[in-house]
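Asker:
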Amino acid sequence: MNNLEFVQKTELFSYSGTNCIRNDYYHNACQLCVDICPENAFHLVRNKLTLFSNECIECAACIGSCPTEALSIANFDSNAYTKSFAANENKLLSCKKTTACLGAFDVHHYITMALDSDVEPICDLSHCKDCALNKDKKVEGFIRGEIAKANNFLSECGVEAVVRTLEEKVEEENSRRMVFKKAFSKMQNAAKEEKDSAKTLPMTLEYQRNSNNSGLPLKFLHLKEALRTNLSKLSTSSHASNFGIFAKKEISFQDCTNCGDCVQFCPTEALLKSADKHGINFNVGNCIACGICDHICKTDAIKTGVGIDLVNVAYDRGEELVHYEMVMCHECRCPYPYRGGDPICDRCANYKQDFDHIFTLAKDI
Ligand code: SF4
Ligand code: SF4
Ligand code: SF4
31 MNNLEFVQKT ELFSYSGTNC IRNDYYHNAC QLCVDICPEN AFHLVRNKLT
81 LFSNECIECA ACIGSCPTEA LSIANFDSNA YTKSFAANEN KLLSCKKTTA
131 CLGAFDVHHY ITMALDSDVE PICDLSHCKD CALNKDKKVE GFIRGEIAKA
181 NNFLSECGVE AVVRTLEEKV EEENSRRMVF KKAFSKMQNA AKEEKDSAKT
231 LPMTLEYQRN SNNSGLPLKF LHLKEALRTN LSKLSTSSHA SNFGIFAKKE
281 ISFQDCTNCG DCVQFCPTEA LLKSADKHGI NFNVGNCIAC GICDHICKTD
331 AIKTGVGIDL VNVAYDRGEE LVHYEMVMCH ECRCPYPYRG GDPICDRCAN
381 YKQDFDHIFT LAKDI
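Right, here's the structure in full:
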């Protein structure tokens, strides 16, 4: 767990700057929460994300959009809900009855619920069109997009279950509504009472505890667990697409300088230096496809390859992406990763190339 916590919160809602990849890596451009928030409560101040707590209405619509679970709300935990979904009799996800705004879920949650349960999840979208949170249909667009991604994944894997949607309002039993309303306000009050205690960040804390310091979001861990448990439901584990959820990395032997920047900035320790520090290993089961490594590499050596094998994801099957023999540069006498040819490091080779004309002139004089 990080020793330095940076948390901004309202009574119920919390934003952990420590878990935000935009804050972690200066050049990361993630602003998914900024885009979805119906109240514009997130602002970019000096390129960092800041929550203006007086503008946040604690609607939870942004929570599912965050790839690294930097956002949480005290009265609803989408990870706990997903985990208990199979045992739950009610398979209807409804912001009026059982959950917070469905914006609190994303593709990881939907796939996990569909895989784990014998009965398909049904998302109640019948209230979206009249909902005050659904300005410019952004929230509804996000929810439908995540459901579509989950269904694409399930269909490509040959899984019979799909995530269904409920489009028309059904007649409600008033008494049932009241029971839920009461239960919800009870939860809100209980959460308010705990606002100053450490318990106001249940999801973030659980995420940090479970991630085993790897920084892996809990929703990703749950999805891997669901894949392991339900591999027999999949007609195939090998796919040409990575579904926008996973990434298979490749590093060019000729272009990589073994600088280690990608390893240092990977938020989930999917990239690691080899034991002798002369190479880079990759654990596909830890990669959340954030793209930071692609962006940070100065020589464009690292790329996302085509396709994914879900067995490798589920069982954390690692691989060596590059490994170098280190040799001494005959100019500067420093060790560098040898890729063939004259034993001269990139820096000295570039220096020679850039200043060759100066040396030529001096020699001519
Ligand atoms: S969605 Fe998450 S990672 Fe992205 S800017 Fe918002 S808090 Fe940060
Ligand atoms: S892939 Fe790029 S960032 Fe990573 S070690 Fe090689 S050169 Fe450095
Ligand atoms: S390997 Fe690259 S894409 Fe995957 S989590 Fe690490 S930085 Fe992100």
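First residue of the sequence shown? That's 31 in my numbering, and the numbers climb one at a time after it. A virtual CB, placed ideally from N, CA and C, is assigned to each residue, including glycine. For clarity, every value in this text was computed on a predicted model and none was experimentally measured.
Three-state secondary structure (DSSP) at Ile-318?
Answerer: The residue you call residue 318 lines up with position 288 of the sequence shown. In the structure shown, Ile-318 sits in coil (DSSP, three-state: anything other than H, G, I, E or B).
Asker: Which same chain residues end up closer than 8 Å to Asp-285 when comparing Cβ atoms and leaving out the 5 residues on each side of it in sequence?
Answerer: The count along the sequence shown starts at 1 and reaches residue 285 at position 255. Only Thr-329, Asp-330, Ala-331 meet the Cβ criterion.
Asker: Apart from the five residues on each side of it in sequence, which residues of its chain come closer than 8 Å, Cβ to Cβ, to Glu-197?
Answerer: Stepping through the sequence shown from its first residue, residue 197 is reached at position 167. Taken in chain order, the residues that qualify are Leu-155, Ser-156.
Asker: Under a Cβ-count criterion, where at least 16 other Cβ atoms within 10 Å of its own Cβ denotes burial, should Thr-266 be classed as buried or exposed?
Answerer: Here the question's residue 266 lines up with position 236 in the sequence shown. It is exposed - the Cβ of Thr-266 has fewer than 16 other Cβ atoms within 10 Å.
Asker: Leaving out five residues on either side along the sequence, give the residues of the same chain with a beta carbon under 7 Å from the beta carbon of Val-209.
Answerer: Residue mapping note: residue 209 aligns to position 179 of the sequence shown, counting from 1. Any answer about Val-209 is weak, because its pLDDT of 47 lies below 50 and its placement is not dependable; what the coordinates show is given next. Same-chain partners within the cutoff: there are none.
Asker: Residues bridged to Asp-339 by DSSP?
Answerer: As a first step, residue 339 must be located in the sequence shown, where it is residue number 309. Looking at the DSSP assignment, Asp-339 forms a beta bridge with Ser-268.
Asker: Pull up the distance between the alpha-carbon of Tyr-55 and that of Thr-142, whole angstroms please.
Answerer: In the sequence shown, residue 55 corresponds to position 25, counting from 1. In the sequence shown, residue 142 corresponds to position 112, counting from 1. Each residue's Cα considered, the two are about 29 Å apart.
Asker: Would DSSP call Asn-181 helix, strand or coil?
Answerer: Locating residue 181 in the sequence shown gives position 151, counting from the first residue. In the three-state DSSP reduction, Asn-181 falls in the helix class (H, G or I).
Asker: Would you tell me roughly how many angstroms separate the C-alpha atoms of Val-158 and Leu-122, rounded to the nearest one?
Answerer: On the sequence shown, residue 158 is found 128 positions in, with the first residue counted as 1. On the sequence shown, residue 122 is found 92 positions in, with the first residue counted as 1. Residue identity check: residue 158 is Cys in the sequence provided, not Val. One C-alpha to the other measures close to 15 Å.
Asker: Please list the terminal residues of the continuous alpha helix (DSSP H) segment that includes Cys-292.
Answerer: By one-based count along the sequence shown, residue 292 stands at place 262. Here the alpha helix (DSSP H) through Cys-292 covers 291-295.
Asker: Name, in chain order, the residues that DSSP records as bridge partners for Asp-324.
Answerer: Along the sequence shown, one-based indexing puts residue 324 at 294. BP columns for Asp-324 are empty, so no partner.
Asker: Between Lys-333, Phe-172, Leu-101, which lies nearest to Ala-71 when the distance is taken from Cα to Cα?
Answerer: Here residue 71 is taken as the residue at index 41 of the sequence shown, counted from 1. For Ala-71, the nearest C-alpha among the options comes from Leu-101.
Asker: When you compare only the Cα positions, how much space is there between Glu-203 and Tyr-140?
Answerer: Working through the sequence shown from its first residue, we reach residue 203 at position 173. Working through the sequence shown from its first residue, we reach residue 140 at position 110. Note that Glu-203 scores 49 on pLDDT, short of 50, meaning its location in the model is unreliable; the coordinates nonetheless yield the value given after this. Across the structure, Glu-203 and Tyr-140 are spaced so that their CA atoms are roughly 27 Å apart.
Asker: In three-state terms, what does DSSP make of Asn-109?
Answerer: To locate residue 109, count along the sequence shown from 1; it is residue 79. Asn-109 falls in the helix class under three-state DSSP.
Asker: Shorter than 7 Å, the distance from the beta carbon of Ala-100 to the closest heavy atom of ligand 3, or not?
Answerer: Counting from one through the sequence shown, the residue named residue 100 turns up at place 70. No.
Asker: Using the C-alpha atoms, what's the distance from Asp-291 back to Ile-396?
Answerer: The structure shown does not extend to residue 396, since the chain is modelled only from 31 through 395, so no value can be given for it.
Asker: Since Val-137 and Lys-179 are thought to touch, with beta carbons under 8 Å apart, how far apart are those beta carbons, to the nearest angstrom?
Answerer: For the purposes of this step, residue 137 is taken as the residue at position 107 of the sequence shown. For the purposes of this step, residue 179 is taken as the residue at position 149 of the sequence shown. Yes, Val-137 and Lys-179 are in contact; Cβ-Cβ is about 4 Å, under 8 Å.
Asker: Is the number of C-beta pairs between the segment 245-252 and the segment 177-194 that are closer than 8 Å three or more?
Answerer: no
Asker: Along the chain, where does the beta strand (DSSP E) that runs through Leu-196 open and close?
Answerer: Translated into the one-based positions of the sequence shown, residue 196 becomes position 166. For Leu-196, the enclosing beta strand (DSSP E) starts and ends at 194-196.
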